[in-house]
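Residue numbers for the sequence shown follow my numbering, beginning at 46 and rising by one.
Some notes on the structure that comes next.
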Amino acid sequence: MDWEYPGQKGLNNTNRPEDKENCTTFLAEARAALDEAGKAAGKRYLLTMATGTNDSWIEHTEMDKAQASLDFVNLMTYDMAGDWEPVTSHHSPLFTNPASPKGQSCARLVDLFIAAGVPANKIVLGAPFYGKAWGDVPPANNGLHQPGKAVAVSLKTNFRDIKANLEGKDGFVRYWDDTSKARFLYNADKRIFISYEDEQSIGLKGGFVKQRGLAGIMFWEYNGDSEGKLLDAINRVLRP
Numbered sequence: 046m047d048w049e050y051p052g053q054k055g056l057n058n059t060n061r062p063e064d065k066e067n068c069t070t071f072l073a074e075a076r077a078a079l080d081e082a083g084k085a086a087g088k089r090y091l092l093t094m095a096t097g098t099n100d101s102w103i104e105h106t107e108m109d110k111a112q113a114s115l116d117f118v119n120l121m122t123y124d125m126a127g128d129w130e131p132v133t134s135h136h137s138p139l140f141t142n143p144a145s146p147k148g149q150s151c152a153r154l155v156d157l158f159i160a161a162g163v164p165a166n167k168i169v170l171g172a173p174f175y176g177k178a179w180g181d182v183p184p185a186n187n188g189l190h191q192p193g194k195a196v197a198v199s200l201k202t203n204f205r206d207i208k209a210n211l212e213g214k215d216g217f218v219r220y221w222d223d224t225s226k227a228r229f230l231y232n233a234d235k236r237i238f239i240s241y242e243d244e245q246s247i248g249l250k251g252g253f254v255k256q257r258g259l260a261g262i263m264f265w266e267y268n269g270d271s272e273g274k275l276l277d278a279i280n281r282v283l284r285p
């Protein structure tokens, strides 16, 4: 189930105040129908939901009631920042950097959903197999938390292309934010900043999943890591 977003505009979708209760009812009816079909088939069908990851999502849903119908709650813990924001930031940081203009992080959002009534063992942490870029970024702090705007040139920022064509090449220097446990690139000549996930950051997310007793990691999307480097990093941490 992917509803973007109950009671909110999303990408110009129809939305109404009653979406809050309707979402809960829809999930309950879907769960009942799947259970009935599962009896006939001799199996259990999973019902999962991809969720938004901010306070507004919590305000417009009843996650304490909705989670009862769900096997997993898949947090889309990415796209927390992008070139629609006037200041550069990590788009999927594990922890909050106090200097971040929005103060978002995966850890904060996990706490938010648990406080809203979702059991930790139903929560799946989202990880991006791509990056977010800003252009015209000044060099202070290697471009992190600096003014920026949309990149004027064509730039492929899925993980595969970042590793093959950008990381450590053509002026792109690799940096690490140890507070957020997040990776980024900055090119001082081109004034381009890129926030992205790499093997180190996603491995630390795997450790966080285990430490907090979460259900696991999901990702968007597979073809961004066609060589399996990020998948291997996840597997190394999460496998028994």
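Using N, Cα and C, we set each Cβ at its ideal position, and we do this for glycine too.
If one requires a minimum length of 4 residues, no alpha helix (DSSP H) run lies completely within the segment 48-84. In this structure, residue 51 lies near residue 105, with their beta-carbon atoms less than 8 Å apart. C-alpha of residue 260 to C-alpha of residue 93: approximately 12 Å in a straight line. Burial check for residue 63: the Cβ neighbour count within 10 Å stays below 16, so the residue is exposed. In chain order, 233 place their CB closer than 7 Å to the CB of residue 184, counting only its own chain and leaving out the 5 sequence neighbours on each side. Restricting attention to 91, 270, 221, 225, the CA atom closest to the CA of residue 139 is found in 225. For residue 170, the three-state secondary structure derived from DSSP is strand. Within a 10 Å sphere around the beta-carbon of residue 61 sit fewer than 16 other beta-carbons, which makes this residue exposed. As the crow flies, the alpha-carbon of residue 137 is around 35 Å from that of residue 80. The closest CA to that of residue 69, considering only 217, 115, 208, is found on 115. In the DSSP assignment, no residue is bridged to residue 138.
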